[in-house]
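J.: Sequence lines, in order, name chains Y and B.
Using the working numbering, the first residue of the first sequence is number -7, and each one after it goes up by one.
Using the working numbering, the first residue of the second sequence is number 13, and each one after it goes up by one.
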Amino acid sequence: DAKTTQPPSMDCAEGRAANLPCNHSTISGNEYVYWYRQIHSQGPQYIIHGLKNNETNEMASLIITEDRKSSTLILPHATLRDTAVYYCIVRTSSGTYKYIFGTGTRLKVLA
Amino acid sequence: EAGVTQSPTHLIKTRGQQATLRCSPISGHTSVYWYQQALGLGLQFLLWYDEGEERNRGNFPPRFSGRQFPNYSSELNVNALELEDSALYLCASSLAGGSLNQETQYFGPGTRLLVL
């Protein structure tokens, strides 16, 4: 199973873009990158996922490098409510369908 | 559309007792996953059920078990409770497996189990 590496914590000023990096150098060609966030011990909230191309939805953008060994989640205009732990997950390609969560990045949005 | 629901929200048990946690998936979802999140730790995969069958389990002892009902809801049972079983237990659901694009997991709010 591919492993992900994220910085343990980051700060971001309210209203600015938050860029959260993730390394997944052992990712296989058919494995997707998923991002979730968890606010204060609530259930993780799905944000976005992608395979090769960059993706954007109403919550965030996902930029995946061409070699797929790393990705960046972008929250374009961070608010105080975006303060959470953000998890980058590389989901196994087939058979088990389980998520392997790392320790995530604790993002603190500052007023 | 209702999300994943879990009950109870909190559960207090003593060592040696049994705990039963319940999960109702999003309507139309047939796969249910269980995860354990001990205080200060990450989420650990426990079990995956699909179409009533256990498809995979994580590195947990057999006293962690469960089942999935015909309506796709699920129960997680923890027998012979130990103090270290105290954790947030999260349930997630997804559409049926087979296509990666359909397998985004959506999580419920969790059941917080405290073992005294």
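All C-beta atoms, glycine included, are put in the ideal place defined by N, C-alpha and C.
Please list, in chain order, the residues of the stretch 26 to 40 of chain Y that have any C-beta partner in chain B closer than 9 Å.
T.: Tyr26, Tyr28, Gln30, Ser33, Gln34, Gly35, Pro36, Gln37 and Tyr38
J.: For glycine 7(Y), which residues in chain B fall below 7 Å Cβ to Cβ?
T.: One-based indexing of the first sequence puts residue 7(Y) at position 15. Residues of chain B passing the Cβ test: none, with the nearest at roughly 28 Å.
J.: Does any residue of chain Y have a CB that is nearer than 7 Å to the CB of leucine 138(B)?
T.: In this structure chain B extends from 13 to 128, so residue 138(B) is not present and cannot be described.
J.: Quick check on DSSP: helix, strand or coil for glycine 110(B)?
T.: Counted from its first residue, the second sequence places residue 110(B) at position 98. Caution is warranted here: a pLDDT of 49 is assigned to glycine 110(B), below 50, making its placement in the model unreliable, and no coordinate value can be reported.
J.: Given a threshold of 16 other Cβ atoms within 10 Å of its Cβ, counted over all protein chains shown, does glutamine 3(B) qualify as buried or as exposed?
T.: As shown, chain B starts at 13 and ends at 128. That puts residue 3(B) outside it, with no answer to give.
J.: Quick check: is the beta carbon of threonine 95(Y) nearer than 7 Å to any beta carbon in chain B?
T.: Residue mapping note: residue 95(Y) aligns to position 103 of the first sequence, counting from 1. Yes, threonine 95(Y) lies at the interface with chain B (some Cβ there is under 7 Å from its Cβ).
J.: In its own chain, which residues sit with a C-beta less than 8 Å from the C-beta of threonine 75(Y), not counting the 5 before and 5 after it?
T.: Counting from 1 along the first sequence, the entry for residue 75(Y) is found at position 83. Closer than 8 Å at the Cβ level, and outside the excluded window around threonine 75(Y), lie Ile31, Leu99, Lys100 and Val101.
J.: Given a cut-off of 7 Å, decide if isoleucine 39(Y) and asparagine 46(Y) are closer than it, judged by their beta-carbon atoms.
T.: Start at 1 with the first residue of the first sequence, and residue 46(Y) comes out as number 54. Start at 1 with the first residue of the first sequence, and residue 39(Y) comes out as number 47. Between asparagine 46(Y) and isoleucine 39(Y), the C-beta gap is not smaller than 7 Å, which leaves the two residues out of contact.
J.: What alpha helix (DSSP H) runs, 4 residues minimum, are completely inside the stretch 27 to 99 of chain B?
T.: none
J.: Is it true that the stretch 91 to 104 of chain B meets the stretch 37 to 45 of chain B, where meeting means three or more beta-carbon pairs spaced less than 8 Å apart?
T.: yes
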